[in-house]
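If you read the sequences in order, they're chains A and B. According to the working numbering, the first sequence is numbered sequentially starting from 14. According to the working numbering, the second sequence is numbered sequentially starting from 13. Glycine included, each C-beta is placed from N, C-alpha and C at the ideal position. Inspection log for the structure reproduced underneath, given as structure tokens.
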Amino acid sequence: MIHSPYIRKPASIQRVMLTVLIALLPGIAAYVWQIGAGILVNIVIASVAALAGEAAVLALRRKPVAMALGDGSALVTAWLVALCFPPIVPWWLTALAALVAVVAVKQLYGGLGQNPFNPAMAAYCTMIVAYPALMSQWPAAGQLDFATQLQLILGSTRDLDAITGATALDTMRTGLRVPDATVDSVRQLGAFGLAGGKGWEWLAAGYLAGGLILLATRVITWHMPAAFLTALAIISGAFWLVHPGQFASPLFHLASGGAMLAAFFIVTDPVSGATTPRGKLIFAAGVACIAWLIRSFGAYPEGIAFGVLLMNLCVPLIDMKTQPPVFGHRGGRAP
Amino acid sequence: MIGRLFNFRGGIKPDAHKQESAASPIRPAPLPSRLVVPLRQSTRATSRCLVQPGQRVLKGERIGEPEGTLGTAVHAPTSGTVVEVGLHPMAHPSGLDTRCVVIEPDGEERWIEHAPFDHRAAGRERSLAHLRECGVVGLGGATFPSHVKLGRGSGIDTLILNGAECEPWITCDDRLMRERAPAILAGAAILRELIGARRLIIGIEDNKPEALAAMRSAAAGIEGEVAVVAVPALYPAGGEKQLIRVLTGIEIPYGKLGGDFGVQCFNVGTAHAVHRAFACGEPLVSRVVTLTGNVAAAGNYEVLIGTPIDELLPLARPRSDTDRYLMGGPMMGFALPRLDVPVAKATNCVISASPALFPPPQPEQACIRCGECARACPAELQPFELYWFSRAKNFGKAQEYHLFDCIECGCCAYVCPAHIPLVDYYRFAKSEIWARERDKSAADAARERFEFRNFRQDREKEEKAAKLAAKAAETRAKLASGDDSKAEPTAPAPAAEDPKKALIAAALARAQAQKQEVQPRNTDNLSQDTQAEIADIEARRRQQGTAHAAASPAVAADDNPQ
């Protein structure tokens with residue numbers, strides 16, 4: 014017997030996921046424009062691998078395949094995996110990462126809604142630990158044409174040192190380790206644009222535009238992006254004000270690497286993130302702080318993925334401790 | 013006066029669908045072929061039947077005597093003949109039966125004698141009793157007896173009249189306010205006096221401008237502080253706690269009543285019924301019901317309580333693709349399990365549902381913890397947490413997360429992109445918790461009985477031991493005093509001896525003394541017949557020279573009537 018309510022808002026998980034995919038398009042467009050069309054190949058590879066992996070596991074688990082594939086969540090994971098990997102990683106690495114994300118991190122925990130960790134970030138961490146060299150090779154903006162990128166992605170031989178440089182974040186991190194180096198001297202090295210990495214400001218702008226779409230369509234709330242970006246700005250700003258020579262500016266941190274992608278598309282993953290309003294603020298701020306620590310002092314060029322996974326671990330505690338007061342339980346008469 | 017409106021968090025804006033029936037004035041529904049009047053018209057109280065089959069009744073005649081504090085009287089909705097008193101299915105999702113009086117109308121609509129009732133002359137107590145006698149209960153849906161709600165004699169500052177009518181499709185209150193605003197306000201004025209409130213606030217959703225205008229102009233004729241307030245049309249603005257919050261800013265927690273916070277809330281329909289009860293002395297025998305949905309002629313009808321739904325439906329001409337009928341609104345109403353159930357005092361709306369209007373729910377998907385439900389919840393709960401806990405049957409946690417604050421308004425299920433029937437999970441969890449509470453209190457009672465039995469046995473043991481010790485001490489004292497004239501022959505123990513030994517010795521002595529005293533007593537307390545019989549037997553035995561067997565216990569025991 015069907016019970017009330019008998020009417021439903023025309024909403025669905027497919028619609029949510031489709032909105033996320035559409036919101037990623039401005040960022041992808043900027044990516045293609047600044048870095049190259051190779052990213053599109055990676056997105057296709059990741060998507061195919063993720064869908065195939067999900068279908069295989071669902072069949073093994075004797076679950077309805079079509080409905081789960083149709084919800085679009087595997088595609089979102091695949092796109093995020095492709096977008097946070099270097100655009101010239103070999104195809105098998107992208108495919109492997111997508112499989113790790115969908116099969117190991119998502120389906121082995123019970124499928125959509127059950128995974129405690131962000132699948133894309135778990136795949137990123139797995140790969141950067143397993144293949145640090147391949148995962149650190151980023152082409153500079155406009156450096157490689159599509160044919161070269163395609164050859165790098167699909168080909169077997171790789172002669173990379175000649176064609177890739179480190180990212181702005183990586184250059185900054187390693188550059189500052191040289192004695193007497195300052196932020197200004199490191200910034201002379203190239204790879205830097207107006208605010209962040211050369212060309213990467215455009216990607217950041219693209220992701221920001223997509224994030225605004227998500228906010229406008231109410232797919233995400235303001236809490237996570239605001240807390241993430243504010244915390245990153247505050248912690249980097251504080252150190253930058255004290256030691257402007259030794260620490261990069263907040264603007265650099267916000268415009269470099271995956272900060273914007275993370276702020277709107279990665280920390281906002283509802284499944285693995287905190288859910289209460291205050292919990293969301295704590296979660297996203299925690300990710301930002303860990304990311305800044307790893308960027309500034311750690312062994313990896315980017316720290317957001319580790320930050321997300323570490324904060325994922327804290328989610329049950331955060332949620333438990335930040336339960337908002339219930340109607341009528343705020344104590345005393347309200348007005 | 014009202015300074016500003018407050019907000020409640022959450023809420024949704026479903027399509028109102030009010031225009032289908034809002035334009036049609038209230039018309040009396042024709043007399044049905046028979047009326048099935050449930051004797052249970054107010055919450056948790058069934059009235060005692062006063063009529064028998066074959067008896068003729070007049071319109072407004074009492075057919076049910078109120079019982080208990082929550083009871084209200086039940087009346088014949090029209091004149092006619094009682095044809096049956098028996099069990100009939102109710103308008104309830106369960107379709108369970110309740111005792112009903114079935115009346116065949118004679119078509120004359122002859123009233124009993126009734127006269128206006130002056131509440132000022134009669135005083136508060138008698139006025140409340142009059143309301144109970146008139147069967148006035150809350151017409152907003154909960155059918156809580158009005159005299160009980162008014163019973164709180166003091167401490168109420170604000171009377172709120174609920175004209176929000178936030179559920180989609182329903183327009184019965186809207187029409188009532190448009191057409192009978194002065195009567196509603198007259199009823200509200202009486203309610204305000206009876207409850208001792210200072211001010212009267214009438215909350216109406218702003219999507220009913222005609223009702224607002226009618227109520228405003230009628231309110232001008234009422235003395236004292238009266239405000240007719242347009243509240244934003246946001247479901248569930250008509251929820252009692254939500255409306256109180258919007259109008260006064262007060263948040264009433266679960267388990268508390270408006271009266272605890274100085275506000276009391278009545279539906280506009282109830283105020284109208286109160287007016288009829290005092291101004292005309294009429295008991296509550298009819299109410300306005302909206303017939304709408306997938307019908308050719310949606311409208312509002314003044315319907316006699318007890319009218320079978322299937323006799324009412326043809327008035328609206330349901331279309332052929334109607335697949336079921338909902339009672340109440342689509343957010344909190346329920347699908348009628350059958351159509352021969354009668355209209356009750358809580359029946360505000362019957363909606364013809366078709367697959368096109370109310371499509372079957374899409375298959376349930378996985379919860380992605382998107383939090384839409386939490387943003388929509390007017391009780392400010394975390395519905396998805398309650399869902400996970402209910403699903404896992406972790407009822408303790410569900411209660412910790414305030415499961416019982418859920419008002420089952422359906423906002424969470426309405427917005428859920430995964431199409432999870434969230435409210436059903438909460439209903440399941442609540443009923444499981446109630447069932448377990450019942451089991452637990454039964455087990456508690458059993459345990460208490462067991463523990464008391466143990467306690468009683470221990471106490472008896474202790475008392476015995478204490479008595480024994482006292483006696484032993486007495487014995488010792490006697491021995492020590494050297495008074496051997498009364499000393500037991502078997503207890504010549506010296507005073508310095510171990511008290512335990514003294515105790516044993518005393519007990520032995522007592523046992524011996526008892527043995528000596530005890531005679532065969534199984535021939536005591538016999539009836540005279542038995543004694544006579546025994547005497548006969550004895551006599552025969554003596555004659556036979558076997559008198560020595562008379563004391564044999566076996567023979568005596570056989571005769572023992574015990």
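query: First and last residue of the uninterrupted alpha helix (DSSP H) at residue 443/B; result: 434 to 493
query: Candidates 161/B, 82/B, 94/B, 179/B: closest to residue 304/B by CA position; result: 179/B
query: Contact list for the segment 14 to 31 of chain A against chain B, Cβ threshold 8 angstroms; result: 14, 15, 16, 17, 18, 19, 20, 21, 22, 24, 25, 26, 28, 29
query: One or two residues paired with residue 313/B in a DSSP bridge; result: 39/B, 301/B
query: Check whether residue 71/B and residue 90/B have beta carbons under 9 angstroms apart; result: yes
query: Residue from 82/A, 106/A, 59/A, 132/A with nearest C-alpha to residue 280/A; result: 132/A
query: Nearest to residue 311/B (by Cα), restricted to the options 22/B, 32/B, 23/B; result: 32/B
query: Cβ-heavy atom distance, residue 99/A to the ligand SAM, below 8 angstroms; result: Looking for the ligand SAM in the displayed structure turns up nothing, as the structure carries no ligands at all.
query: Residues bridged to residue 44/B [DSSP beta-bridge criterion]; result: DSSP output for residue 44/B lists no bridge partner at all.
query: Run of the alpha helix (DSSP H) containing residue 56/A, from where it starts to where it stops; result: 51 to 73
query: First and last residue of the uninterrupted alpha helix (DSSP H) at residue 349/A; result: Residue 349/A lies beyond the residue range present for chain A, which begins at 14 and ends at 348; the question has no answer from this structure.
query: Residue interval of the alpha helix (DSSP H) (run including residue 385/B); result: 384 to 388
query: Pick from 56/B, 54/B, 55/B, 49/B that is closest to residue 62/B, judged by C-alpha positions; result: 49/B
query: Closest by C-alpha distance to residue 30/A, when choosing among 296/A, 319/A, 284/A; result: 284/A
query: Of the listed residues 486/B, 109/B, 398/B, nearest to residue 353/B (C-alpha basis); result: 109/B
query: Residue 28/A to residue 430/B span [Cα, whole Å]; result: 10 angstroms
query: Residue interval of the alpha helix (DSSP H) (run including residue 236/A); result: 236 to 255
query: Assumed close pair residue 174/B, residue 250/B - CB separation to whole angstroms, cut-off 8 angstroms; result: 6 angstroms
query: Residue 182/A beta carbon less than 9 angstroms from that of residue 314/A; result: yes
query: Reduced DSSP category for residue 132/A - H, G, I as helix; E, B as strand; rest coil; result: helix
query: Any C-beta of chain A under 9 angstroms from that of residue 321/B; result: no
query: Partners in chain B for residue 145/A, counting only beta-carbon separations shorter than 9 angstroms; result: None at all; the shortest Cβ gap to chain B is about 32 angstroms.
query: Inter-residue Cα distance where the pair is residue 107/A and residue 115/A; result: 12 angstroms
query: Minimum C-alpha distance to residue 399/B - residue among 296/B, 539/B, 415/B; result: 415/B
query: Chain B contact for residue 343/A (CB, 9 angstroms cutoff); result: yes
query: Three-pair Cβ contact test at 8 angstroms for the segment 52 to 66 of chain B versus the segment 18 to 32 of chain B; result: no
query: Chain A contacts from the segment 426 to 446 of chain B (Cβ-Cβ distance under 9 angstroms); result: 426, 427, 428, 429, 430, 431, 433, 435, 436, 439
query: Among 87/B, 105/B, 149/B, 95/B, the one whose alpha carbon lies nearest that of residue 123/B; result: 87/B
query: Residue 215/B beta carbon less than 9 angstroms from that of residue 243/B; result: yes
query: Exposure label - residue 575/B; buried when at least 16 CB within 10 Å; result: Absent from the model: residue 575/B. The displayed extent of chain B is 13 to 574, so no value can be given.
query: C-alpha distance - residue 105/A paired with residue 58/A, whole-angstrom precision; result: 9 angstroms
query: Buried or exposed by the 16-neighbour rule on C-beta atoms within 10 Å, applied to residue 309/A; result: buried
query: Check whether residue 344/B and residue 153/B have beta carbons under 9 angstroms apart; result: yes
query: Chain B within 9 angstroms of residue 88/A, Cβ atoms only; result: no
query: Selection of the segment 329 to 341 of chain A by Cβ proximity to chain B, strictly under 9 angstroms; result: 332, 336, 337, 338, 339, 340, 341
query: Min CB distance residue 289/A to chain B below 9 angstroms; result: yes
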